[in-house]
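Asks: Be aware that the sequence shown starts at 335, since it is given in the working numbering, and climbs by one per residue.
C-beta atoms are modelled at their ideal positions from N, C-alpha and C, and glycine is treated no differently.
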Amino acid sequence: MKKQSFMLGSAILILSALISKLAGALFRIPLANMLGGTGMGYFSGAYGIFMAVYAVSVTGLPAAVAKLTAESSALERFANLRRIKSSALLFFSVTGLAFTALMLLLSYPFCLLTSGIETVPAVIAIAPSVFFGCVTSVYRGYYEGLRNMVPTAVSQVIEGLVKLAAGLALCLLVLKNPDKFEPLCRRFGGGILPIAAAAAVLGITISTAAGTLFLIVRDKLFGDGLSPALIAETNGRNCLDSRRSIISALLKTAVPIALGALVTNLTSLIDLATIMRSLEAAINGNPEYFSSVTDKISAVELPNFLFGSFTGLAVTVFNLVPSFTNMFGKGILPALSEAFAANDKVKIREYTEKAMLATALVSFPSGIGISVLSGGILTTLFPSKPLETSLCTLSLSVLGIGVIFLCISSTVFAVLQAAGRPDLPVKLMLAGVAVKLSGNLLLVRIPELNIAGAAAATVLCYAAICIPAVNILVKITDIDKKHITGLFAKVFYCSLLCGAGALLARNMLSDPLNPLISLAISIFSGVIFYIISTLLLGIITKSTLKLLIS
Numbered sequence: 335m336k337k338q339s340f341m342l343g344s345a346i347l348i349l350s351a352l353i354s355k356l357a358g359a360l361f362r363i364p365l366a367n368m369l370g371g372t373g374m375g376y377f378s379g380a381y382g383i384f385m386a387v388y389a390v391s392v393t394g395l396p397a398a399v400a401k402l403t404a405e406s407s408a409l410e411r412f413a414n415l416r417r418i419k420s421s422a423l424l425f426f427s428v429t430g431l432a433f434t435a436l437m438l439l440l441s442y443p444f445c446l447l448t449s450g451i452e453t454v455p456a457v458i459a460i461a462p463s464v465f466f467g468c469v470t471s472v473y474r475g476y477y478e479g480l481r482n483m484v485p486t487a488v489s490q491v492i493e494g495l496v497k498l499a500a501g502l503a504l505c506l507l508v509l510k511n512p513d514k515f516e517p518l519c520r521r522f523g524g525g526i527l528p529i530a531a532a533a534a535v536l537g538i539t540i541s542t543a544a545g546t547l548f549l550i551v552r553d554k555l556f557g558d559g560l561s562p563a564l565i566a567e568t569n570g571r572n573c574l575d576s577r578r579s580i581i582s583a584l585l586k587t588a589v590p591i592a593l594g595a596l597v598t599n600l601t602s603l604i605d606l607a608t609i610m611r612s613l614e615a616a617i618n619g620n621p622e623y624f625s626s627v628t629d630k631i632s633a634v635e636l637p638n639f640l641f642g643s644f645t646g647l648a649v650t651v652f653n654l655v656p657s658f659t660n661m662f663g664k665g666i667l668p669a670l671s672e673a674f675a676a677n678d679k680v681k682i683r684e685y686t687e688k689a690m691l692a693t694a695l696v697s698f699p700s701g702i703g704i705s706v707l708s709g710g711i712l713t714t715l716f717p718s719k720p721l722e723t724s725l726c727t728l729s730l731s732v733l734g735i736g737v738i739f740l741c742i743s744s745t746v747f748a749v750l751q752a753a754g755r756p757d758l759p760v761k762l763m764l765a766g767v768a769v770k771l772s773g774n775l776l777l778v779r780i781p782e783l784n785i786a787g788a789a790a791a792t793v794l795c796y797a798a799i800c801i802p803a804v805n806i807l808v809k810i811t812d813i814d815k816k817h818i819t820g821l822f823a824k825v826f827y828c829s830l831l832c833g834a835g836a837l838l839a840r841n842m843l844s845d846p847l848n849p850l851i852s853l854a855i856s857i858f859s860g861v862i863f864y865i866i867s868t869l870l871l872g873i874i875t876k877s878t879l880k881l882l883i884s
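#1: Three or more beta-carbon pairs under 8 Å between the region 351-360 and the region 626-641, yes or no?
#2: Which runs of the alpha helix (DSSP H), 4 residues or longer, sit entirely within the region 350-374?
#3: S643 to L750, Cα distance in whole Å?
#4: Measure the C-alpha to C-alpha separation of K681 and T811 and round it to an integer number of angstroms.
#5: Helix, strand or coil for L764? Go by DSSP, reduced to three states.
#6: Expressed to the nearest angstrom, what Euclidean distance is found between the alpha-carbon atoms of L509 and L502?
#7: Grab the span of the alpha helix (DSSP H) containing A544 for me, first residue to last.
#8: Excluding the five sequence neighbours on either side, which residues of its own chain have a C-beta within less than 6 Å of the C-beta of R571, listed in chain order?
#9: Counting C-beta neighbours from all protein chains within 10 Å, is the total for N511 16 or more, i.e. buried, or is it exposed?
#10: Secondary structure at G394, three-state DSSP: helix, strand or coil?
#11: When the Cα atoms are used, what is the spatial distance from A616 to I609?
#12: At 4 residues or longer, and completely inside the region 767-801: list those alpha helix (DSSP H) runs for me, N to C.
#13: Give me the Cβ distance between K419 and V472, rounded to the nearest whole Å; I'm assuming they're in contact under 8 Å.
#14: Please tell me whether P656 and L740 are closer than 8 Å, where the distance is taken between their beta carbons.
#15: Tell me the DSSP secondary structure of K630 in three-state form.
#16: Might you give, ordered along the chain, the residues of its own chain that have their beta carbon closer than 8 Å to the beta carbon of C519, omitting 5 neighbours on each side?
#17: Which one of K824, I780, F444 and G754 has the shortest CA to CA distance from I873?
#18: Is it the case that the Cβ atoms of A400 and E493 are separated by a distance below 8 Å?
#19: Identify which residue in M690, N784 and V706 has its Cα closest to the Cα of F747.
#20: So, do the region 801-817 and the region 754-769 have three or more beta carbon pairs nearer to each other than 8 Å?
#21: Quick check on DSSP: helix, strand or coil for M690?
#22: Less than 8 Å between the beta carbons of T434 and F412, yes or no?
#23: Ordered along the chain, which non-local residues of its own chain (more than five positions away) have a Cβ less than 6 Å from that of T686?
#24: State the DSSP-derived secondary structure class of N414, mapped to helix, strand or coil.
#25: Quick check on this structure: which residue in F522, A499, S582 and T792 has the alpha carbon closest to the alpha carbon of S541?
#26: Could you work out which residue in L536, S463 and S612 is closest to V779 when comparing CA atoms only?
#27: Measure from the alpha carbon of S375 to the alpha carbon of each residue in R474, V649, G833 and V767, then state which is nearest.
#28: Beta-carbon separation of A798 and L777 under 8 Å?
#29: Is S867 buried or exposed, if buried means 16 or more other CB atoms sit within 10 Å of its CB?
#30: Would you mind giving the Cβ-Cβ distance between F377 and A533, rounded to the nearest angstrom? I have them listed as a contact below 8 Å.
#31: I'd like the list of long-range same chain contacts for I348, defined as Cβ closer than 6 Å, with 5 residues on each side in sequence excluded.
#32: By DSSP, does A384 sit in helix, in strand, or in coil?
#33: Can you list, in chain order, the residues of its chain whose CB lies under 6 Å from that of V808, leaving out five sequence neighbours each side?
#34: Are there 16 or more other CB atoms within 10 angstroms of the CB of P699, so buried, or fewer, so exposed?
#35: Closest to F641 by CA distance: which of F556, G557 and G370 is it?
#36: Less than 6 Å between C-beta atoms, sequence neighbours within five positions excluded: which residues of the same chain meet that for A752?
This is the structure we're talking about:
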């Protein structure tokens, strides 16, 4: 059974994430142009509720199954591996059905209390994704634990492409035929946008079903690469664990991760529950400040418009980089789990340094680049929504700094999960959520900040999580603190030069230049500055390349 190295596995996952996120961007960007700020408010409201349920029922599963599979593989308990998969499938498919039913039953009262009944159709449309997500996560975690990232990668690509095609097609179908959906429109707010948002969300459900179907068919056709002879040999030396003990071990890892993910998704629910009310207070407190906007959008609709613009545009761009760097954490988890199971301290330090270095090299310049080029990025991606982009430019500029803290935190959490301490991320994220809630309530109400206050609160939230998380990581893995902080400082300095190069190029370009060309030249300039500075400061050397590739 051939296992993939950390960098090969991460590269496979990053490539698939690149394709699926490109498909996701091609989905979200036209969708935002089709639905506008108001429609994206309904879409984001439903997605925020879904992600909270998804966090509890699904998020911890891949890591838990991967960790248990990797540990059994490291101890050569191959006969136990398939029992892990079958037990997890049985238990968590039932769990997924239960949470789907719960989401359907509570959709109306919950939306009524938070985002409004206009969001109900979209919540109903996305609820089955919870069940499909549970099944998919078991298969993905199992193969990731065997250090085979291909099934996960292909299923991610399938999901991204199907979501793009189905989501946009269904949304366009509704918008082009409003008369056919008139009864639903009257029942849920009287407009076509709530139904169009629900149609787009239904595309997500169809995509998760497609990903699940691929994994089931692939597993039946090709299996896991474990030969019957190998399983029979180890079965004689290692008795099988009971299904109850397997489920207990999975829950021991999955529940803390799920709670941590729930806490993370509480930031979305906090946004959902506090932003619009805080914006109402800001608008009512200083209506003159918003007069230039209320000439185009009424004061009553403006809070939802700002919220939809923020989540549909700025947050969409903000989440792009972490979705790639998360693959380093997924790639390192099986190898680290094996190292911790064998108590191999040398391997633990080596794998941890690999993951942290790879994450820093990507996240630092990306975050700084997003901050300095926020206006150009939004203008290029959403050319038909000038009002939305103008209102979100400052928010995205602030969120760029948050990209760094979020990416580093995610990789640290993967290491802590491999170390058998999934409880620590939960505690850290609870502190971050408290910061987020306080920040939203205090900053969004300031008229001069308004929606950018939510972005600032997000950055403070992830900073409060990231800094203590790195300190805990140093203690658990016994890596050299001076070395890692010095490395971070060098990468950050090079990233500042990257941002300066991009900003310099942007300012030198003439205004009539096409926004896409201007953005591309600015990014290219920043990349050149970054590469040269990392070489001059000795960050990229033969030894670091060998560390990353090996």
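Replies: Taking the geometry as given:
#1: Contact between the region 351-360 and the region 626-641 is not established, with fewer than three Cβ pairs separated by less than 8 Å.
#2: Correct list: empty.
#3: Position 309 of the sequence shown, counted from the first residue, corresponds to residue 643. Position 416 of the sequence shown, counted from the first residue, corresponds to residue 750. Approximately 35 Å, taken between the alpha carbons.
#4: Along the sequence shown, read from residue 1 onward, the residue named residue 681 stands at position 347. Along the sequence shown, read from residue 1 onward, the residue named residue 811 stands at position 477. Approximately 10 Å, taken between the alpha carbons.
#5: Translated into positions along the sequence shown, residue 764 becomes position 430. Helix at L764.
#6: In the sequence shown, residue 509 corresponds to position 175, counting from 1. In the sequence shown, residue 502 corresponds to position 168, counting from 1. Distance between the alpha carbons of L509 and L502: 10 Å.
#7: One-based indexing of the sequence shown puts residue 544 at position 210. Counting along the chain, the alpha helix (DSSP H) containing A544 begins and ends at L527 to F556.
#8: One-based indexing of the sequence shown puts residue 571 at position 237. Only weak support is given to the placement of R571: the predicted model assigns it a pLDDT of 49, under 50, and the question is left unresolved by the model.
#9: Start at 1 with the first residue of the sequence shown, and residue 511 comes out as number 177. In this structure N511 is exposed. Its beta-carbon is surrounded by fewer than 16 other beta-carbon atoms within 10 angstroms.
#10: For the purposes of this step, residue 394 is taken as residue 60 along the sequence shown, with counting starting at 1. It is helical.
#11: Taking the first residue of the sequence shown as position 1, residue 616 is located at position 282. Taking the first residue of the sequence shown as position 1, residue 609 is located at position 275. Using only the alpha carbons, I get a separation of about 10 Å.
#12: Given a length threshold of 4 residues, the region 767-801 has no whole run of the alpha helix (DSSP H) inside it.
#13: Indexing the sequence shown from 1 puts residue 419 at position 85. Indexing the sequence shown from 1 puts residue 472 at position 138. Contact holds; Cβ gap of about 7 Å.
#14: For the purposes of this step, residue 656 is taken as residue 322 along the sequence shown, with counting starting at 1. For the purposes of this step, residue 740 is taken as residue 406 along the sequence shown, with counting starting at 1. Taking 8 Å as the Cβ cut-off, P656 and L740 qualify as a contacting pair.
#15: By 1-based counting over the sequence shown, the position of residue 630 is 296. Assigned with DSSP and collapsed to three states, K630 falls in coil, not helix or strand.
#16: The sequence position of residue 519 within the sequence shown is 185, counting from 1. Within the same chain, C519 has close Cβ partners P512, G525, I526, P528 and I529.
#17: On the sequence shown, position 539 is the one that residue 873 refers to. Nearest option by C-alpha distance: K824.
#18: Position 66 of the sequence shown holds residue 400. Position 159 of the sequence shown holds residue 493. The answer is no: Cβ separation not under 8 Å.
#19: Here residue 747 refers to the residue found at position 413 when the sequence shown is read from its first residue. From the listed residues M690, N784 and V706, the smallest Cα separation to F747 is found for M690.
#20: Verdict: yes, contact present.
#21: Against the sequence shown, residue 690 aligns to sequence position 356. Helix at M690.
#22: Within the sequence shown, the letter at position 100 stands for residue 434. Within the sequence shown, the letter at position 78 stands for residue 412. Taking a C-beta distance under 8 Å as the contact criterion, T434 and F412 do not qualify as a contact pair.
#23: For this step, residue 686 is matched to residue 352 along the sequence shown. The answer, listed in chain order, is V749, T811 and I813.
#24: Start at 1 with the first residue of the sequence shown, and residue 414 comes out as number 80. The answer is helix: DSSP assigns N414 an H, G or I state.
#25: Mapped onto the sequence shown, residue 541 falls at position 207. Answer by Cα proximity: A499.
#26: Residue numbering aside, residue 779 sits at position 445 when the sequence shown is read from its first letter. The question names Val, but residue 779 in the sequence shown is Arg. Selected option, being the one with the closest Cα: S612.
#27: Here residue 375 corresponds to residue number 41 of the sequence shown, with the count starting at 1. The sequence given here has Gly at residue 375, not Ser. When each option's Cα is compared against that of G375, the closest is V649.
#28: Numbered from 1 along the sequence shown, position 464 holds the residue referred to as residue 798. Numbered from 1 along the sequence shown, position 443 holds the residue referred to as residue 777. Contact: no.
#29: Along the sequence shown, read from residue 1 onward, the residue named residue 867 stands at position 533. Result: buried.
#30: Position 43 of the sequence shown, counted from the start, is the residue given in the question as residue 377. Position 199 of the sequence shown, counted from the start, is the residue given in the question as residue 533. So it is not a contact: roughly 10 Å between Cβ atoms.
#31: As a working note, residue 348 is residue 14 in the sequence shown. Cβ neighbours of I348 beyond the five flanking positions: F658 and M661.
#32: Taking the sequence shown and counting its residues from 1, the one referred to as residue 384 is at position 50. Sequence inspection shows Phe at residue 384; the Ala mentioned does not correspond to that position. Helix.
#33: If you number the sequence shown from 1, residue 808 lands on position 474. Closer than 6 Å at the Cβ level, and outside the excluded window around V808, lie K815.
#34: As a first step, residue 699 is located in the sequence shown; it is residue number 365 there, counting from the start. Its Cβ being crowded by 16 or more others within 10 Å, P699 is buried.
#35: Looking up residue 641 in the sequence shown gives position 307. Per the Cα distances, G370.
#36: Along the sequence shown, one-based indexing puts residue 752 at 418. When the five nearest sequence neighbours on each side are left out, the beta carbons in the same chain lying within less than 6 Å of the beta carbon of A752 are those of L667, L670, S671 and F674, in order along the chain.
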